[in-house]
Amino acid sequence: MEYSDKVMDHFMNPRNVGEITDASASGMVGNAKCGDIMKVDLKIENGIIVDAKFKTFGCGSAIATSSMATEMIKGKTLDEALELTNKAVAEALDGLPPIKMHCSLLAEQAVKAALKQYYDKNGLMNESNKHLFDMLEDDAHDHGEDQH
Amino acid sequence: MEYSDKVMDHFMNPRNVGEITDASASGMVGNAKCGDIMKVDLKIENGIIVDAKFKTFGCGSAIATSSMATEMIKGKTLDEALELTNKAVAEALDGLPPIKMHCSLLAEQAVKAALKQYYDKNGLMNESNKHLFDMLEDDAHDHGEDQH
Amino acid sequence: MSTVKRVYLDHAATTPVRPEVLDVMLPILKDQFGNPSSFYHRGQVAKKILEEARETVANCLNAHASEIYFTSCGTESDNWAIKGVAKALEKKGKHIITSKIEHHAVLHACEALAGQGYEITYLDVDGDGLVDPEAVRAAIRPDTILVTIMMANNEIGTIQPIEKIGQICRENKIIFHTDAVQAAGAIPIDLSQLPVDLLSISGHKFYAPKGVGALYIRKGVRIATFMDGGAQERNRRGGTENVPYIVGFAKAFELAMAEMAESTTALQALRDDLIEKVLKAVPYTRLNGHRTLRLPNNANFSFEFIEGESILIMLDYMGFECSSGSACTSGSLDPSHVLLAIGLPHEKAHGSLRVTFGKSSEAEDIDRMVDALVKIVARLREISPLWEAFLKENK
Amino acid sequence: MSTVKRVYLDHAATTPVRPEVLDVMLPILKDQFGNPSSFYHRGQVAKKILEEARETVANCLNAHASEIYFTSCGTESDNWAIKGVAKALEKKGKHIITSKIEHHAVLHACEALAGQGYEITYLDVDGDGLVDPEAVRAAIRPDTILVTIMMANNEIGTIQPIEKIGQICRENKIIFHTDAVQAAGAIPIDLSQLPVDLLSISGHKFYAPKGVGALYIRKGVRIATFMDGGAQERNRRGGTENVPYIVGFAKAFELAMAEMAESTTALQALRDDLIEKVLKAVPYTRLNGHRTLRLPNNANFSFEFIEGESILIMLDYMGFECSSGSACTSGSLDPSHVLLAIGLPHEKAHGSLRVTFGKSSEAEDIDRMVDALVKIVARLREISPLWEAFLKENK
Ligand SMILES: Cc1ncc(COP(=O)(O)O)c(C=O)c1O
Ligand SMILES: Cc1ncc(COP(=O)(O)O)c(C=O)c1O
Chain A
459 MEYSDKVMDH FMNPRNVGEI TDASASGMVG NAKCGDIMKV DLKIENGIIV
509 DAKFKTFGCG SAIATSSMAT EMIKGKTLDE ALELTNKAVA EALDGLPPIK
559 MHCSLLAEQA VKAALKQYYD KNGLMNESNK HLFDMLEDDA HDHGEDQH
Chain B
459 MEYSDKVMDH FMNPRNVGEI TDASASGMVG NAKCGDIMKV DLKIENGIIV
509 DAKFKTFGCG SAIATSSMAT EMIKGKTLDE ALELTNKAVA EALDGLPPIK
559 MHCSLLAEQA VKAALKQYYD KNGLMNESNK HLFDMLEDDA HDHGEDQH
Chain C
256 MSTVKRVYLD HAATTPVRPE VLDVMLPILK DQFGNPSSFY HRGQVAKKIL
306 EEARETVANC LNAHASEIYF TSCGTESDNW AIKGVAKALE KKGKHIITSK
356 IEHHAVLHAC EALAGQGYEI TYLDVDGDGL VDPEAVRAAI RPDTILVTIM
406 MANNEIGTIQ PIEKIGQICR ENKIIFHTDA VQAAGAIPID LSQLPVDLLS
456 ISGHKFYAPK GVGALYIRKG VRIATFMDGG AQERNRRGGT ENVPYIVGFA
506 KAFELAMAEM AESTTALQAL RDDLIEKVLK AVPYTRLNGH RTLRLPNNAN
556 FSFEFIEGES ILIMLDYMGF ECSSGSACTS GSLDPSHVLL AIGLPHEKAH
606 GSLRVTFGKS SEAEDIDRMV DALVKIVARL REISPLWEAF LKENK
Chain D
256 MSTVKRVYLD HAATTPVRPE VLDVMLPILK DQFGNPSSFY HRGQVAKKIL
306 EEARETVANC LNAHASEIYF TSCGTESDNW AIKGVAKALE KKGKHIITSK
356 IEHHAVLHAC EALAGQGYEI TYLDVDGDGL VDPEAVRAAI RPDTILVTIM
406 MANNEIGTIQ PIEKIGQICR ENKIIFHTDA VQAAGAIPID LSQLPVDLLS
456 ISGHKFYAPK GVGALYIRKG VRIATFMDGG AQERNRRGGT ENVPYIVGFA
506 KAFELAMAEM AESTTALQAL RDDLIEKVLK AVPYTRLNGH RTLRLPNNAN
556 FSFEFIEGES ILIMLDYMGF ECSSGSACTS GSLDPSHVLL AIGLPHEKAH
606 GSLRVTFGKS SEAEDIDRMV DALVKIVARL REISPLWEAF LKENK
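For the record, the sequence lines run as chains A, B, C and D.
If you read the first sequence in the numbering used here, its first letter stands for residue 459, the second for the next number, and so on.
If you read the second sequence in the numbering used here, its first letter stands for residue 459, the second for the next number, and so on.
If you read the third sequence in the numbering used here, its first letter stands for residue 256, the second for the next number, and so on.
If you read the fourth sequence in the numbering used here, its first letter stands for residue 256, the second for the next number, and so on.
Structure (structure tokens):
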């Protein structure tokens with residue numbers, strides 16, 4: 459696997475590893491069957507993500523994208539954070555090997571899952587923003603390739 | 459094809475090449491389809507083969523066995539000549555590659571064909587020696603291998 | 256890449272060409288370029304070299320030279336054995352027995368046949384990766400035409416009871432193929448004793464180059480051609496012969512046999528040292544594969560709560576070249592079919608590491624490797640939500 | 256063997272590895288032994304080398320790198336192309352069109368399919384060995400799934416109207432494979448223009464080693480795998496990659512393309528000189544194959560009344576290494592199927608000689624060769640009963 463220097467840096471020195479014990483919201487996605495699980499804790503104050511921490515079981519790019527995704531949403535408003543896409547995460551890492559693109563989806567999904575919990579808990583979910591969480595409906599980790 | 463020195467010698471310097479214009483008998487066997495034809499002329503005096511000549515269209519071992527077979531029957535009685543076998547010819551040449559053993563059959567056959575002509579012409583053929591010419595019945599050159 | 260000392264510990268994936276092997280190959284690559292099928296002297300020289308190599312390989316297996324057919328790799332040998340028997344015996348039946356832990360060369364060849372109306376029984380293995388010979392017997396049906404069970408597994412190193420399985424096949428008059436790609440050159444194979452009909456080998460597992468293998472076909476075994484073409488290999492395998500590699504293959508095999516006693520001792524010492532130290536130093540770690548019925552150079556671990564690729568990248572960074580699962584699926588997202596077959600749950604199957612020693616391995620590498628692993632595993636567990644959950648549960 | 260100067264004139268059978276090719280192979284054979292499927296740095300280096308080679312080969316053919324698949328030889332490429340399409344399209348139909356003068360790799364692959372219920376049409380060729388494109392059109396049926404016609408013949412050198420045949424296949428939406436083993440490196444092949452879907456190449460015909468080839472598979476063409484196994488070659492051809500040979504193959508192909516204009520001129524001059532002189536000096540001799548639509552390095556003669564092997568032995572003795580028919584059948588008793596197909600009677604088919612020039616050929620060899628041939632033919636005719644009969648008839 460040829461990883462970019464950025465990926466290697468975020469893998470070897472991941473930012474924001476850990477738990478937030480008094481987290482405003484948490485999200486956990488993925489499953490062991492597919493080989494990666496990501497958990498994100500967010501601390502939200504006045505509509506701003508003031509802290510984000512993660513724990514990830516997964517391959518190099520799963521860990522690197524977790525690190526990068528949490529970096530990217532820190533200090534952002536909820537609306538801004540909801541705009542985070544897996545493509546943006548992968549680009550911020552100078553790209554990922556094609557076979558690893560699904561890992562960046564995991565990071566987007568984990569952040570959204572945490573935000574969804576926050577929206578649900580705080581009654582922020584409504585008809586106009588509901589669609590932003592659509593991706594959590596189907597299992598983004600269902601690789602769908604024919605296995606042989 | 460790895461030929462013995464003897465084969466090479468008899469191929470490069472074949473003995474008894476030619477025709478006997480006043481031959482006592484001649485035999486010609488093989489066919490162009492199989493890639494070898496051999497013709498033997500014999501000069502027979504008092505039941506002794508005093509001369510033998512051949513012409514052969516064929517591979518190296520066809521020519522070498524022709525040469526050797528004519529050498530082996532020269533000076534021999536008819537009975538002795540009839541005992542010539544392809545195995546003996548091949549052995550006299552220090553062996554032939556397995557795939558080329560059929561060529562030595564050609565030489566035995568050609569000698570027998572000439573002798574048969576002599577026996578027929580001179581009324582020497584009888585019930586007790588007829589079987590010696592059996593091999594001329596079926597085409598020894600029908601390789602019988604499955605061709606693919 | 257960093258400039259640390261690089262330690263190659265993936266000899267099951269491939270090995271370098273050893274100098275003695277290159278030495279016998281070079282003159283042929285340079286000068287003896289004749290085509291062994293050619294009539295003239297140069298061709299016959301090549302032919303002789305080829306046949307001498309065949310003799311050497313036959314001697315290594317205690318077989319007859321006429322039973323050795325050169326191929327382009329272990330995969331070809333496996334494909335030929337399986338598809339060749341399937342085709343030759345299709346009138347007799349269309350049932351094939353194999354195991355769940357075969358190499359993909361065997362499994363995918365079987366799957367290809369499954370798509371053509373053959374029925375494949377994939378036998379389970381036990382927790383150590385062993386096939387039960389009695390399970391082979393139980394699976395045999397009147398339409399069974401082939402049993403194919405590998406001699407030693409490429410991931411977990413487990414060595415199968417080939418003699419017993421072969422005996423059962425023989426009793427039932429069923430052709431028995433074994434993929435000995437990992438076994439050849441590593442453990443003794445005596446085909447005058449072993450009831451094996453077909454056996455696959457690949458050179459690059461024992462210091463010959465990649466791209467040359469052999470299939471042993473016991474005299475009298477019915478098998479169709481796979482590579483149809485010219486009259487090479489006694490009409491059974493077309494394609495102009497790769498003489499330099501074949502000669503290298505024979506030389507490497509011969510050396511491996513000559514050095515086997517010595518190298519087995521050395522490799523086993525390294526293997527056992529690593530296994531013992533890793534199991535001691537890294538908690539929640541298991542050894543995959545049979546503890547003793549295993550290839551002398553193979554160690555395979557599952558580190559709980561963490562994922563294999565992460566371990567590999569860190570090891571690579573620290574200079575250790577190992578693999579997780581088999582090399583040819585390392586680009587894949589699927590966990591190893593072998594580890595699932597021995598009963599590991601997915602997360603443990605994902606967290607495996609294969610270390611395979613070889614000629615270049617040194618005892619001093621072991622401690623450095625264990626140190627590295629301790630650090631890496633600790634680090635990755637710190638990041639792992641599974642570890643976090645486990646700690647909370649067990650507080 | 257005598258100590259005369261040895262002149263190799265059998266470049267269609269195989270060629271030596273040229274020094275520039277050995278030079279790029281050696282460092283890989285010695286040091287870069289990584290398995291391209293391996294995760295760590297060493298494996299990725301090998302992977303990169305492999306992909307660069309693929310790019311080079313693609314450039315030589317004006318194709319995309321993703322359309323190039325490395326194989327172990329021309330025979331494998333042919334088998335894969337033919338059996339792969341047959342399998343992938345078996346539901347569509349089971350009819351395949353080929354010609355009577357294909358290499359055994361194609362003919363025997365077709366015969367293997369014939370044994371499995373496929374129907375093969377073997378097209379006739381004309382006296383020059385040309386396939387009539389209209390005959391291809393006429394042979395197409397609703398159940399035709401593949402046309403396989405070689406680009407240039409290995410025995411008589413005739414170059415087929417591949418573009419026209421491909422056009423007809425395309426009009427009829429039928430997959431078209433061409434065996435370009437003799438053509439690649441000898442004549443230009445531009446796959447951005449040529450309507451060819453599958454194309455086989457082998458390295459040892461252009462100064463790469465024996466045991467490496469490629470199959471070009473045009474994007475979108477449906478073809479099953481042949482060598483089932485690991486995920487190598489984008490999941491389409493299992494087996495650990497033979498990196499050194501693949502690199503040598505790419506280098507040799509690249510050099511052949513770069514030098515093509517020059518070498519074509521040189522080879523054609525030798526070829527034409529030999530043809531002219533032999534036809535003049537040796538009576539009752541015919542040139543087999545098309546006079547101009549032929550490979551630049553190929554001359555093929557039939558000498559009436561004498562047999563080919565005898566000619567070969569004597570030539571070999573005098574230092575000239577040539578062939579009669581194709582190398583891989585030279586151990587066989589059958590006359591060349593190609594010469595029979597162009598209409599030669601058996602005795603002429605048996606009396607053929609193929610001379611194929613290459614890099615080592617020199618103009619001065621021609622006259623010596625002609626001298627030798629004059630003597631040999633005269634000598635063998637003296638021994639020949641056919642010549643004797645002919646002389647008597649024509650007295
Ligand atoms: C036209 C043609 N096709 C296929 C082949 C087979 O190639 P290889 O010997 O590399 O398998 C050859 C040469 O032997 C050939 O000349
Ligand atoms: C057990 C086993 N079988 C088959 C193969 C395939 O061998 P090759 O890569 O030479 O095709 C391998 C190695 O890759 C192997 O370990």
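All residues carry an ideal CB built from backbone N, CA and C; glycine is no exception.
Say whether chain E places a C-beta atom closer than 7 Å to the C-beta of residue i.
i, result
"residue 592 of chain C", "Reference to chain E is not applicable here, since the protein chains of this structure are A, B, C and D."
Would residue i and residue j qualify as a contact pair, given that the criterion is a beta-carbon distance under 7 Å?
i, j, result
"residue 522 of chain A", "residue 499 of chain A", "no"
"residue 446 of chain C", "residue 472 of chain C", "no"
"residue 338 of chain C", "residue 364 of chain C", "yes"
"residue 573 of chain D", "residue 618 of chain D", "no"
"residue 502 of chain C", "residue 283 of chain C", "yes"
"residue 542 of chain A", "residue 531 of chain A", "yes"
"residue 544 of chain C", "residue 552 of chain C", "no"
"residue 476 of chain B", "residue 565 of chain D", "no"
"residue 276 of chain D", "residue 507 of chain D", "yes"
"residue 261 of chain C", "residue 343 of chain C", "no"
"residue 439 of chain D", "residue 456 of chain D", "yes"
"residue 384 of chain C", "residue 411 of chain C", "yes"
"residue 281 of chain C", "residue 498 of chain C", "no"
"residue 359 of chain C", "residue 494 of chain D", "no"
"residue 265 of chain C", "residue 576 of chain C", "yes"
Relative to the alpha-carbon of residue i, which residue among the options has its alpha-carbon at the smallest distance?
i, options, result
"residue 567 of chain C", "D:277, D:563, D:276, D:294", "D:294"
"residue 326 of chain D", "D:638, D:482, D:624", "D:482"
"residue 436 of chain D", "D:331, D:595, D:628", "D:331"
"residue 527 of chain C", "C:515, C:292, C:458, C:610", "C:610"
"residue 200 of chain D", "D:306, D:356, D:501", "Beyond the ends of chain D as shown, which are 256 and 650, falls residue 200 of chain D; an answer cannot be given."
"residue 510 of chain B", "B:584, B:535, B:461", "B:535"
"residue 621 of chain D", "D:640, D:378, D:529, D:458", "D:529"
"residue 390 of chain D", "D:378, D:431, D:590, D:401", "D:378"
"residue 302 of chain C", "B:568, B:460, B:582, B:567", "B:460"
"residue 473 of chain B", "B:579, B:577, B:529, B:568", "B:529"
"residue 560 of chain D", "B:469, B:478, B:493, B:467", "B:493"
"residue 466 of chain B", "B:538, B:591, B:554", "B:554"
"residue 329 of chain C", "C:416, C:463, C:434, C:624", "C:434"
At a threshold of 6 Å, does residue i count as lining ligand 3 (C-beta to nearest heavy atom)?
i, result
"residue 574 of chain C", "Of the ligands one can find in the structure shown, namely ligand 1 and ligand 2, none is ligand 3."
Less than 8 Å between the CB atoms is what I'm expecting for residue i and residue j, so what's the real figure, rounded?
i, j, result
"residue 451 of chain D", "residue 421 of chain D", "5 Å"
"residue 464 of chain A", "residue 564 of chain A", "No, residue 464 of chain A and residue 564 of chain A are not in contact; Cβ-Cβ is about 18 Å, not under 8 Å."
"residue 508 of chain B", "residue 501 of chain B", "5 Å"
"residue 548 of chain B", "residue 562 of chain B", "4 Å"
"residue 252 of chain C", "residue 509 of chain C", "Outside the displayed range of chain C (256 to 650) lies residue 252 of chain C, so it cannot be described from this structure."
"residue 400 of chain C", "residue 351 of chain C", "7 Å"
Quick one: complete alpha helix (DSSP H) runs, 4+ long, within the region 318 to 384 of chain D? 329 to 343, 359 to 369
Would you list the residues whose beta-carbon is nearer than 5 Å to any heavy atom of ligand 2, in the order they occur in the chain? C:328, C:329, C:330, C:358, C:360, C:409, C:434, C:436, C:437, C:457, D:494, D:495
Let me know the alpha helix (DSSP H) ranges lying completely inside the region 503 to 575 of chain A, each 4 residues or longer, listed in chain order. 518 to 531, 536 to 540, 544 to 550
Extract the residue ranges of the beta strand (DSSP E) inside the region 564 to 642 of chain C, only unbroken runs of 3 or more that lie entirely within it. 607 to 611
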